[in-house]
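Student: I am attaching a structure below and will ask some questions about it afterwards.
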Amino acid sequence: MSTDEFAPQMTEGYKTPKAVTLSELQDLDKEDEAMNKWKASLVKETYAPADDPRRVVVLSMTLSSPDRPDITLELNSSEKVQELKKLKTIIKEGSTYRISVNFRVQHEIVTGLKFLHVIKRKGITVEKIQEMIGSYAPQLEPHTKSFHPEEAPSGMMFRGNYVGHAKFTDDDGNIYLEWEWPFEIKKEWE
22 MSTDEFAPQM TEGYKTPKAV TLSELQDLDK EDEAMNKWKA SLVKETYAPA
72 DDPRRVVVLS MTLSSPDRPD ITLELNSSEK VQELKKLKTI IKEGSTYRIS
122 VNFRVQHEIV TGLKFLHVIK RKGITVEKIQ EMIGSYAPQL EPHTKSFHPE
172 EAPSGMMFRG NYVGHAKFTD DDGNIYLEWE WPFEIKKEWE
């Protein structure tokens, strides 16, 4: 996959904020009591596990459809990410589905977290999606972000094998996880 094809699109006029650490942010305006209360409400309890230096841990991706039980793809280890390449998820043609991701932020604040998703069929890009997830402070509780509903294409021409290339990145260009997940569009769910 070319890097240009998987590069996030920047909004015209948007300027990425200067990266600051959590401690730098907490030190700003120390003498302002109202500001201190506001900062304390944002960052309740920092989560920073010593044995895991990652800032964003993508735990899973879920495919939901009203027609069937949810399909959850585990992403919390490199082994599970590699296993996804061997699995094939079935999506019923014409069905409505929604992708959601479950992730945790740890150690430092992450600004401008984005989900990029490029779908290919026979090596040709058929869809590119970029979703802004937002900015998050570190915390133990995972976050879940659900994206806009999608409709699977239908008809004989669209049935077949596809590969989804997904990436979690941020405004600073950090890549937290990249993964591939093959899927097949069929007449029926299996």
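All letters in the sequence shown, in the order written, are residues 22 to 211 by the numbering used here. The C-beta atom is built at its ideal place from N, Cα and C for all residues, glycine as well. As the structure is a prediction and not an experimental result, all values here were calculated from the model.
I'd like to confirm the pairing. Which residues does DSSP put opposite residue 188 in its beta bridges?
Tutor: Answer by DSSP bridge pairing, in chain order: 137, 199.
Student: When you compare each of 129, 153, 146 to residue 160 by their alpha carbons, which one comes out closest?
Tutor: Nearest of 129, 153, 146 to residue 160, Cα basis: 129.
Student: Taking contact to mean at least 3 C-beta pairs separated by less than 8 angstroms, is the region 136-150 in contact with the region 179-186?
Tutor: They touch, by the three-pair rule.
Student: Using only the alpha-carbon positions, how far apart do residue 58 and residue 67 sit?
Tutor: Cα-Cα distance, rounded: 16 angstroms.
Student: Taking Cβ positions, are residue 175 and residue 119 nearer each other than 7 angstroms?
Tutor: Not in contact: residue 175 and residue 119 (Cβ atoms no closer than 7 angstroms).
Student: Could you tell me the alpha carbon to alpha carbon distance between residue 91 and residue 75, rounded to whole angstroms?
Tutor: Cα to Cα, residue 91 sits roughly 28 angstroms from residue 75.
Student: Among residues of its own chain, excluding the 5 on either side of residue 203, which ones have a beta-carbon nearer than 6 angstroms to its beta-carbon?
Tutor: Cβ neighbours of residue 203 beyond the five flanking positions: 109, 184.
Student: At which residue ranges does the region 61-147 contain complete beta strand (DSSP E) runs of 3 or more residues, listed in the order of the chain?
Tutor: Within the region 61-147, the complete beta strand (DSSP E) runs of at least 3 residues are 77-86, 89-95, 110-113, 117-126, 131-142.
Student: Report, in whole angstroms, the separation of the C-beta atoms of residue 105 and residue 211, which I expect to be a contact under 8 angstroms.
Tutor: Residue 105 to residue 211, Cβ: 17 angstroms. No contact.
Student: If I measure Cβ to Cβ from residue 102 and keep anything under 8 angstroms in the same chain, skipping five residues before and after, which residues do I get?
Tutor: So the qualifying residues of the chain are 96, 198, 200.
Student: Secondary structure at residue 54, three-state DSSP: helix, strand or coil?
Tutor: Reduced to three states, the DSSP call for residue 54 is helix.
Student: Cutting at 8 angstroms between CB atoms, please list the residues of its own chain near residue 170, excluding the five before and the five after it.
Tutor: Result list for residue 170: 117, 118, 119, in chain order.
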